[in-house]
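Step one of this worksheet: look at the structure below.
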Amino acid sequence: MDSVALSSPSPSPSTSTSSLKSRFLQKPSQNSKQLLSSVSFSSSSCSDFRSPTKAISMAAASNNGNSQRKIVTGPAGYVLEDVPHLSDYIPDLPTYPNPLQDNPAYSVVKQYFVHVDDTVPQKVVVHKDSPRGTHFRRAGPRQKVYFESDEVYACIVTCGGLCPGLNTVIREIVYSLYYMYGVKRVLGIDGGYRGFYAKNTIALTPKGVNDIHKRGGTVLGTSRGGHDTSKIVDSIQDRGINQVYIIGGDGTQKGASVIYEEVRRRGLKVVVAGIPKTIDNDIPVIDRSFGFDTAVEEAQRAINAAHVEAESSENCIGLVKLMGRYSGFIAMYATLASRDVDCCLIPESPFYLEGHGGLFEYIETRLKENGHMVIVIAEGAGQDLLAESIRSATQQDASGNKLLQDVGLWLSQKIKDHFAKEKKMPINLKYIDPTYMIRAVPSNASDNVYCTLLAQSCVHGAMAGYTGYTSGLVNGRQTYIPFYRIIEKQHHVVITDRMWARLLSSTNQPSFMNHKDVIEDKKEEELLTQIVNEDKKEEELPTKIPDISTEDNLVKKEIAA
Numbered sequence: 000m001d002s003v004a005l006s007s008p009s010p011s012p013s014t015s016t017s018s019l020k021s022r023f024l025q026k027p028s029q030n031s032k033q034l035l036s037s038v039s040f041s042s043s044s045c046s047d048f049r050s051p052t053k054a055i056s057m058a059a060a061s062n063n064g065n066s067q068r069k070i071v072t073g074p075a076g077y078v079l080e081d082v083p084h085l086s087d088y089i090p091d092l093p094t095y096p097n098p099l100q101d102n103p104a105y106s107v108v109k110q111y112f113v114h115v116d117d118t119v120p121q122k123v124v125v126h127k128d129s130p131r132g133t134h135f136r137r138a139g140p141r142q143k144v145y146f147e148s149d150e151v152y153a154c155i156v157t158c159g160g161l162c163p164g165l166n167t168v169i170r171e172i173v174y175s176l177y178y179m180y181g182v183k184r185v186l187g188i189d190g191g192y193r194g195f196y197a198k199n200t201i202a203l204t205p206k207g208v209n210d211i212h213k214r215g216g217t218v219l220g221t222s223r224g225g226h227d228t229s230k231i232v233d234s235i236q237d238r239g240i241n242q243v244y245i246i247g248g249d250g251t252q253k254g255a256s257v258i259y260e261e262v263r264r265r266g267l268k269v270v271v272a273g274i275p276k277t278i279d280n281d282i283p284v285i286d287r288s289f290g291f292d293t294a295v296e297e298a299q300r301a302i303n304a305a306h307v308e309a310e311s312s313e314n315c316i317g318l319v320k321l322m323g324r325y326s327g328f329i330a331m332y333a334t335l336a337s338r339d340v341d342c343c344l345i346p347e348s349p350f351y352l353e354g355h356g357g358l359f360e361y362i363e364t365r366l367k368e369n370g371h372m373v374i375v376i377a378e379g380a381g382q383d384l385l386a387e388s389i390r391s392a393t394q395q396d397a398s399g400n401k402l403l404q405d406v407g408l409w410l411s412q413k414i415k416d417h418f419a420k421e422k423k424m425p426i427n428l429k430y431i432d433p434t435y436m437i438r439a440v441p442s443n444a445s446d447n448v449y450c451t452l453l454a455q456s457c458v459h460g461a462m463a464g465y466t467g468y469t470s471g472l473v474n475g476r477q478t479y480i481p482f483y484r485i486i487e488k489q490h491h492v493v494i495t496d497r498m499w500a501r502l503l504s505s506t507n508q509p510s511f512m513n514h515k516d517v518i519e520d521k522k523e524e525e526l527l528t529q530i531v532n533e534d535k536k537e538e539e540l541p542t543k544i545p546d547i548s549t550e551d552n553l554v555k556k557e558i559a560a
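Using numbering that gives the first Met the number 0, you'd call the opening residue of the sequence shown number 0 and step up by one each time.
In structure tokens:
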């Protein structure tokens with residue numbers, strides 16, 4: 000997970016007499032500035048990306064005061080959260096035949112162009128009477144493209160922390176542009192967002208990137224922060240760049256969204272496309288982020304080492320800290336894959352240390368039963384228990400991430416102090432932190448394939464004129480997702496879901512509750528018991544039987560009156 004501090008663009012864009020700039024600068028239509036409640040599409044210049052055969056309603060909602068969201072509705076509760084297109088704000092754009100129709104590699108493919116009506120549902124488990132629900136536009140090559148090959152000047156930038164697969168994505172974007180669409184000008188932005196205006200660029204060719212997927216990290220360099228919207232878009236405009244590929248986490252995608260909005264405000268024929276990158280797998284909507292499979296595989300090596308250490312000594316605890324600032328997916332999946340873990344602690348599932356049902360009690364029980372124990376903890380777990388973190392709770396790194404205390408070292412010391420104080424049993428504790436080893440490795444086979452699909456899908460979308468989108472996997476299909484869906488919230492482990500239940504059944508650990516929650520539950524139970532007892536006492540009190548004859552006399556007197 001990464002985030003970025005954004006600076007607002009200047010009120011008026013800088014002007015330039017550059018011929019390259021004027022080549023890509025076009026005035027937005029007056030209609031694109033209006034907020035429409037619904038639009039019906041028929042056969043038109045945009046028929047290659049919207050159905051020409053039927054009218055569809057598009058509800059437009061404000062995106063934080065920026066450009067309108069494209070919501071297409073259909074029968075039976077069908078909703079398409081569509082992505083922006085260059086033709087939304089630049090009228091009368093010319094189109095060209097897709098070069099792939101003459102590509103030998105695609106000559107044997109039965110249908111290599113994606114149908115205009117192809118969409119992918121966000122939810123696949125439905126009931127027979129359920130509405131069709133939210134869909135996203137299916138990724139892939141279109142029959143018509145909005146750029147000629149020699150017109151394209153593309154750039155690639157990587158931002159945020161390292162992640163397995165970054166070099167593979169860079170390589171495949173370059174290869175896709177070169178060998179699928181004949182694009183010869185691809186630029187690498189050095190050092191993240193600030194590289195647009197403060198560093199040199201790198202010319203990218205297939206020969207230069209041929210072997211980079213075998214190495215970890217990113218050949219372009221990366222950084223956190225440095226996002227200055229006006230400077231970045233000025234640089235894009237001055238260089239004549241018209242396709243921007245941005246690889247990064249949710250914070251980076253927020254920055255990409257702001258860049259897209261400024262590009263659109265200036266009326267530039269520039270595509271801004273994102274590829275989601277987060278080793279924590281905390282980006283919503285998509286099935287998973289690239290590098291996650293590799294991270295889980297590498298995390299198992301650390302768990303195996305901790306298990307060997309723990310098993311080799313008496314009353315030994317192997318403690319492994321894994322990545323997961325706000326989401327515990329790596330810890331959860333590595334635990335499930337390993338089967339050697341006795342306790343998994345993640346940010347979404349609070350726990351407490353002392354008292355009945357606490358972590359210390361569980362550790363003692365496990366050591367008595369097995370003589371050893373393995374604990375996996377995500378870096379964001381237990382932060383509320385670290386009293387030392389109060390002073391640094393408001394401090395942030397360059398990306399805007401809250402600085403976390405090292406929960407692994409803290410928990411190690413707490414466990415040692417507890418058993419030294421209790422003097423019930425001597426323990427050994429081995430602490431392993433493989434964080435940077437996991438981030439820096441090359442991607443495995445599964446992630447390499449996934450990175451290839453993400454990169455190719457992203458290039459297909461850019462050439463087709465789509466912009467303001469992220470390429471991602473939804474229910475096993477490559478899709479184009481609007482930026483606002485990617486950045487609206489973070490993806491978390493749902494501890495009431497079956498996957499977490501599977502983990503609990505694998506580790507046999509208790510489902511820890513916060514000690515305060517336990518106390519509150521006890522108070523609620525005592526209050527409920529008190530209310531029930533009072534009700535019972537009221538029911539046991541003797542009730543006065545009314546005198547029927549007296550009531551009859553009163554009725555007769557009232558009638559007579």
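C-beta atoms are modelled at their ideal positions from N, C-alpha and C, and glycine is treated no differently.
Note that the structure is a prediction, hence the values are computed from the model and not measured.
When Y196, E353, I70, D281 are compared against I329, the one with the closest alpha-carbon: It is D281.
Nearest-angstrom beta carbon gap, R238 and V208 [assumed within contact, 8 Å]: About 20 Å separates the CB atoms of V208 and R238; that is not less than 8 Å, and the two are not in contact.
Strand pairing of L99, partner residues [DSSP]: None, per the DSSP bridge assignment.
Residue span of the alpha helix (DSSP H) that contains Y332, given as start and end: Annotation for Y332: the continuous alpha helix (DSSP H) segment containing it runs 328-337.
Same chain, Cβ closer than 7 Å to H306, neighbours up to 5 away in sequence not counted: Counting only Cβ-Cβ distances below 7 Å, and skipping sequence neighbours, we find G317, D339, V373.
contact_flag[the stretch 173-183, the stretch 454-466] where n(CB pairs < 8 Å) is 3 or more: Remark: three or more beta-carbon pairs, one from each stretch, lie closer than 8 Å, so the stretch 173-183 and the stretch 454-466 are flagged as touching.
Collapsed DSSP secondary structure at I414 in the structure displayed: Annotated three-state conformation of I414 is helix, per DSSP.
Three-state class that DSSP yields for Y192 in the structure shown: Y192: coil per DSSP, three-state reduction.
Of the listed residues G248, Y192, A197, T228, nearest to S222 (C-alpha basis): If we check each option's Cα against that of S222, Y192 comes out closest.
Of the listed residues A75, E80, L428, nearest to Q67 (C-alpha basis): For the set A75, E80, L428, the Cα lying nearest the Cα of Q67 is the one of E80.
Burial state of S41 (16 or more Cβ within 10 Å): Here S41 scores only 32 on pLDDT, less than 50, and its place in the model should not be relied on; the value that follows carries that caveat. Result: exposed.
contact_flag[the stretch 269-288, the stretch 241-254] where n(CB pairs < 8 Å) is 3 or more: Verdict: yes, contact present.
Residue range of the beta strand (DSSP E) that includes V271: Per DSSP, V271 is one residue of the beta strand (DSSP E) stretching across 270-275.
Spatial neighbours of S46 in its chain, beta-carbon cut-off 7 Å, leaving aside the 5 residues before and after: A caution first: S46 carries a pLDDT of 38, below 50, which makes its placement in the model too unreliable to give a value.
Q142 (DSSP reduced to helix, strand or coil): DSSP places Q142 outside both helix and strand once states are collapsed to three, so it counts as coil.
Per-residue DSSP class, three states only, for Q404: Looking at Q404 - three-state DSSP - the assignment turns out to be coil, as it is neither helix nor strand.
First through last residue of the beta strand (DSSP E) which encompasses Y244: Annotation for Y244: the continuous beta strand (DSSP E) segment containing it runs 242-247.
Assigned secondary structure, H355 (DSSP; H/G/I helix, E/B strand, else coil): Of the three classes helix, strand and coil, the one that applies to H355 here is coil, per DSSP.
P496 to H226 span [Cα, whole Å]: Per the sequence shown, residue 496 should be read as Asp rather than Pro. Distance from the CA atom of D496 to the CA atom of H226, rounded to whole angstroms, is 37 Å.
Through-space distance from V375 to D279, alpha-carbon basis: Whole-angstrom Cα-Cα distance: 15 Å.
S510, buried or exposed, once every other Cβ within 10 Å from all chains shown has been counted against 16: With a threshold of 16 other beta carbon atoms within 10 Å, S510 falls short and is exposed.
CA-to-CA distance, G247 to F112, given in whole angstroms: C-alpha separation (whole angstroms): 28 Å.
Close Cβ partners of R476 (< 6 Å) along its chain, the five nearest in sequence each way excluded: Around R476: V119.
Opposing strand residues paired with T567 [DSSP bridges]: Outside the displayed span of the chain (0 to 560) sits residue 567, for which this structure offers no information.
Coarse secondary structure for V492, derived from DSSP in three states: Correct three-state label for V492: coil.
Inter-residue spacing [alpha-carbon to alpha-carbon] between H417 and P441: Spanning the alpha carbons of H417 and P441 requires a straight line of approximately 40 Å.
Touching by the beta-carbon criterion (3+ pairs, under 8 Å), the stretch 485-495 and the stretch 347-364: Judged by Cβ distances under 8 Å, the stretch 485-495 makes contact with the stretch 347-364, as three or more pairs qualify.
Short Cβ contact (8 Å threshold) for H371 with A309: In this structure, H371 sits near A309, with a CB-CB distance shorter than 8 Å.
Whether P130 touches G73 by CB criterion (8 Å): No, these two residues do not count as a Cβ contact at 8 Å.
Length of the line joining the Cα atoms of Y449 and F289: Whole-angstrom Cα-Cα distance: 7 Å.
Own chain, CB closer than 6 Å to P83, minus 5 neighbours either side, in chain order: These residues qualify, in order along the chain: T466, G467.
Spatial distance of T293 from R438 (CA atoms): Cα to Cα, the separation comes out at about 9 Å.
DSSP three-state assignment for I231, whether helix, strand or coil: Three-state result, I231: helix.
Exposed unless 16 or more other CB atoms sit within 10 angstroms - verdict on Y88: The residue in question, Y88, is buried, as its Cβ has 16 or more Cβ neighbours within 10 Å.
Candidates L503, K488, P481, E487: closest to V71 by CA position: Here the closest residue by C-alpha is P481.
Identified DSSP bridge partners for D81: Answer is K69.
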